[in-house]
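Protein chains: 2
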Amino acid sequence: MENLTNPHIKELMPRVAASSRSGPGIYLDCNELPYPPSPKVVQAIVEAIPRLNRYPDTLGGSLRKALANYAGVAEQKVIIGNGSDDLIELIIKVFIAPGEEVVILDPTFPIYALSTRVMDGHPVIFRRMTDFGIDFQYIIENITSTTKAIFIANPNNPTGSLVARQDLMHLIENVDCLVVIDECYYEFSQETIADLVDVYENLLILRSFSKSFGLAGLRLGYSIANKNIIDYLYRATQIYPINSLALVAGAAALGDWEYISSKVRQVCQERDLLREKMEQMGFIVSPSTANFLFVNTKPLGITSTNLSRILREQNIWVRDFGGKLGLDNYYFRTAIGTPAENQKLQAALNELLNNHA
Amino acid sequence: MENLTNPHIKELMPRVAASSRSGPGIYLDCNELPYPPSPKVVQAIVEAIPRLNRYPDTLGGSLRKALANYAGVAEQKVIIGNGSDDLIELIIKVFIAPGEEVVILDPTFPIYALSTRVMDGHPVIFRRMTDFGIDFQYIIENITSTTKAIFIANPNNPTGSLVARQDLMHLIENVDCLVVIDECYYEFSQETIADLVDVYENLLILRSFSKSFGLAGLRLGYSIANKNIIDYLYRATQIYPINSLALVAGAAALGDWEYISSKVRQVCQERDLLREKMEQMGFIVSPSTANFLFVNTKPLGITSTNLSRILREQNIWVRDFGGKLGLDNYYFRTAIGTPAENQKLQAALNELLNNHA
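So the sequences go chain by chain: A and B. Numbering-wise (UniProt numbering), the first sequence opens with residue 1 and increments by one. Numbering-wise (UniProt numbering), the second sequence opens with residue 1 and increments by one.
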């Protein structure tokens with residue numbers, strides 16, 4: 001099959017399964033909500049099980065309308081996907097031809113670059129500034145005529161940093177390509193530019209149920225853009241992007257805003273508390289408007305790889321970024337867990353630092 | 001955004017949501033199993049709900065091993081996707097470059113051609129013979145050097161026809177491209193060439209949980225091929241193709257073979273009975289090794305579009321193929337329902353023919 005495979009695919013590595021998380025661990029490595037779904041979500045799923053022999057509603061069914069209501073836009077401006085990953089690939093499929101460029105601002109979510117390579121596009125990596133902000137003028141002056149899209153996570157993953165609405169508007173107004181704003185932490189940051197999708201023909205918003213809605217296991221994401229962009233995406237989407245249980249769960253989650261908003265509030269309070277504690281320990285912790293913290297271990301003289309390994313031995317899982325995405329050896333990311341989990345993390349870090357000193 | 005969209009995408013039509021099926025209808029239009037999931041599947045899903053805040057296991061997790069056991073191959077020869085549709089697109093993504101040809105044998109499953117067009121490939125339509133068999137020698141002699149794949153559904157959808165193992169082997173041995181055999185009705189036909197994936201470097205099998213396993217709502221498909229092909233597919237797959245509930249449900253369904261095999265047996269008995277009755281009414285019904293019948297209405301002088309419309313008025317849904325996929329105006333497909341549903345279909349057809357005569 002050597003001769004039958006697309007050449008650009010041969011240059012990629014096969015994806016490998018991550019080690020499975022099981023047992024009573026403290027899982028802070030995937031920016032998940034530390035709480036189970038609301039009783040209304042549970043009920044909606046259980047009620048839908050007997051009809052699983054039937055195909056799901058096509059194209060996301062009535063969830064599309066529910067999401068449009070939630071986002072405050074018309075139904076024609078929303079498309080649903082099998083998680084944000086699926087939508088990222090769909091966007092690249094529709095807007096990027098082989099060899100065309102996609103601008104990515106590292107350190108950021110690695111799927112933008114990976115999906116670009118899968119679709120034979122060319123990821124062009126620009127660096128964020130030392131405070132993880134973005135030099136927008138540099139982008140405007142340095143993108144080329146073959147740049148077809150810019151991906152910006154806002155708040156950014158893994159850094160937690162948020163860029164200002166006016167800066168994004170300035171960028172969108174001054175480039176001739178699609179600008180994708182990934183707002184998958186929107187409910188934590190409460191910052192959005194989804195209200196501008198009719199102002200800018202080149203703006204597309206990504207959202208997710210994996211973070212604030214606590215439904216990472218269901219693979220449910222959506223995009224908001226003007227009708228023109230969404231129409232193009234509907235030319236290339238699959239007819240059944242989302243399974244039946246995710247559809248009913250998504251609708252039930254949107255209908256139980258009280259549950260979500262109380263969890264979001266709790267996580268944000270815990271985040272600010274944990275940040276304070278970790279700064280007291282001597283870590284440099286980036287300001288975060290999301291449900292995680294990005295932590296620099298350098299002042300304590302321990303690499304993030306060592307720190308993560310020692311935590312893992314106590315079954316506390318954080319995400320090591322040492323040496324990754326252009327970073328040095330001193331960065332890790334931790335999600336915000338339950339208050340009890342956050343205290344265990346603090347205790348483990350305190351112990352680790354005492355032993356290390 | 002006109003100038004930003006890939007030209008080949010502009011040539012496609014946006015996909016439109018199908019009319020939603022709801023209420024107490026008789027749904028024979030999607031080749032679904034007419035029975036709810038087994039109690040073991042229900043239990044597995046219910047038990048997994050509290051952990052939905054966590055991401056699924058990557059790349060299908062332990063379901064991959066369970067499927068390999070079921071298919072009688074090594075784990076390295078299996079890949080899981082978000083339904084067969086997802087895998088069809090993945091295969092084209094990996095093996096078809098823009099402008100290259102994919103051979104499709106109409107009338108057949110329309111997603112092969114659609115996914116080819118989405119990926120900027122060129123679908124080349126060959127016609128099946130009048131009995132819906134395949135002229136393999138014609139294919140061997142007429143494919144070009146840019147043909148990169150041939151898709152064959154076996155049994156074929158919508159015709160129900162099965163081609164012989166030796167004929168498939170002859171084809172695979174005499175073409176220099178990938179041959180994809182879609183066995184999504186395998187448990188009904190009990191015919192497979194999955195045992196040959198190590199014999200042929202260019203053979204890939206597609207399977208599904210949507211038909212015999214009665215889990216269409218979950219979007220769960222898989223592919224079997226030699227390790228080399230599967231490795232290439234893993235370079236382009238998403239890291240979370242399948243949601244957590246589909247993963248546990250798939251494993252539970254494989255573990256409850258008794259339930260599935262009894263339903264499959266019942267459907268096949270009902271299929272043969274329904275075929276006999278419909279032939280007695282004067283329809284020409286193609287031999288079927290799947291869970292549906294492909295029916296020619298011409299001898300009765302009624303178009304399939306009229307027949308389908310009249311049945312729909314009684315909330316009986318069949319799939320009209322009149323004028324589609326190169327067929328004339330006299331073909332429809334009906335899935336096999338429960339015995340009670342099949343009797344209602346017969347009664348409605350009898351009444352329709354009496355009124356029509």
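Glycine included, each C-beta is placed from N, C-alpha and C at the ideal position. All values reported here derive from a predicted model rather than from experimental measurement.
Taking 8 Å as the threshold (C-beta atoms), are Ile150(A) and Val179(A) in contact? Cβ distance < 8 Å, so Val179(A) and Ile150(A) count as in contact.
Could you tell me the boundaries of the alpha helix (DSSP H) in which Ser223(B) lies? Where Ser223(B) is concerned, there is no enclosing alpha helix (DSSP H), although the beta strand (DSSP E) around it starts and stops at Gly221 to Ala225.
Other residues of its chain near Leu171(B): CB distance less than 7 Å, five sequence neighbours each side excluded: Answer for Leu171(B): Phe136, Ile139, Ile140 and Val179, listed in chain order.
Per DSSP, the bridge partner or partners of Trp257(B): DSSP, once it has assigned bridges, lists no residue as partnering Trp257(B).
Just confirm the distance between the C-beta atoms of Tyr330(A) and Asn296(A), as a whole number of angstroms; I'd bet it's less than 8 Å. About 5 Å separates the two Cβ atoms, so the contact holds.
Would Asn157(B) be called buried (16 or more neighbouring beta carbons within 10 Å of its own) or exposed? buried
Alpha carbon to alpha carbon, how far is Tyr27(A) from Leu233(B)? 29 Å
Kindly say whether Phe95(B), judged by its beta-carbon, lies nearer than 8 Å to any beta-carbon of chain A. yes
Minimum Cβ-Cβ distance from Asn53(A) to chain D less than 8 Å: Among the protein chains in the structure shown, which are A and B, there is no chain D.
Contact criterion: CB-CB distance below 8 Å. Does Ser20(A) meet it with respect to chain B? yes
So what does DSSP say about Asn355(B), is it helix, strand or coil? helix
Looking at Ile230(A) and the ligand FAD, is the gap between the Cβ and the nearest heavy atom below 7 Å? Absent from the structure shown: the ligand FAD. Ligands present: none.
Report the residues of the region 228-245 of chain B with a CB closer than 8 Å to any CB of chain A, ordered along the chain. Asn228, Ile229, Asp231, Tyr232, Tyr234, Arg235, Ala236, Thr237, Gln238, Ile239, Tyr240, Pro241, Ile242, Asn243, Ser244 and Leu245
Taking buried to mean at least 16 other C-beta atoms within 10 Å of its own C-beta, is Asn350(A) buried or exposed? exposed
Cβ contact (3+ pairs, closer than 8 Å) linking the region 42-49 of chain B and the region 193-210 of chain B: no
Segment limits, alpha helix (DSSP H) that includes Ala290(A): No alpha helix (DSSP H) holds Ala290(A); DSSP gives it neither H nor E.
Cα-Cα separation between Asp106(B) and Gly326(B), rounded to whole angstroms: 7 Å
Check for me: the beta strand (DSSP E) holding Phe151(A) runs from which residue to which? Where Phe151(A) is concerned, the enclosing beta strand (DSSP E) stretches over Thr147 to Ala153.
Please check if any C-beta of chain A sits within less than 8 Å of the C-beta of Tyr186(B). no
If we cut at 8 Å on Cβ distances, does Val102(A) have a partner in chain B? Taking Cβ atoms only, chain B never reaches closer than 8 Å to Val102(A), which makes this a no.
Would you report the Cα separation of Val78(A) and Asp176(B), rounded to the nearest angstrom? 42 Å
Could you pull the start and end residues of the alpha helix (DSSP H) that Arg312(A) belongs to? Ser304 to Glu313
Local conformation of Val264(B) per DSSP, three classes: Helix.
Straight-line Cα distance separating Ala113(B) from Glu32(B): 22 Å
For Thr5(A), which residues in chain B fall below 7 Å Cβ to Cβ? Val94, Phe95 and Tyr232
Identify the contact partners of Leu67(B) in chain A, using a Cβ-Cβ distance below 8 Å as the criterion. Ordered by position in chain A, no residue passes the 8 Å Cβ test against Leu67(B), which lies about 14 Å from the chain.
Please report how far the alpha carbon of Ile92(A) lies from the alpha carbon of Ala335(B), in whole angstroms. 37 Å
If we call anything under 8 Å between Cβ atoms a contact, is Ala153(B) one with Asp120(B)? Against a cut-off of 8 Å, the Cβ pair of Asp120(B) and Ala153(B) comes out as no contact.
What does the alpha-carbon distance come out to for the pair Val248(B) and Ile224(B)? 20 Å
Report the rounded CA-to-CA distance for Ala18(B) versus Pro299(A), giving the unit in angstroms. Their backbone Cα atoms lie some 59 Å apart in a straight line.
Can you grab the Cα-Cα spacing for the pair Ala253(A) / Ser38(A), in whole Å? 7 Å
Return helix, strand or coil for Thr130(B), following the three-state DSSP convention. coil
Please return the same chain residues whose Cβ sits closer than 6 Å to the Cβ of Ala66(B), not counting the five positions on each side in sequence. Ala251 and Leu254
Which of helix, strand or coil does DSSP assign to Gly160(B)? coil
Among residues of its own chain, excluding the 5 on either side of Asn82(A), which ones have a beta-carbon nearer than 7 Å to its beta-carbon? Arg219, Pro241 and Ile242
Classification of Lys10(B) by the beta-carbon crowding that lies within 10 angstroms, buried from 16 upward: exposed
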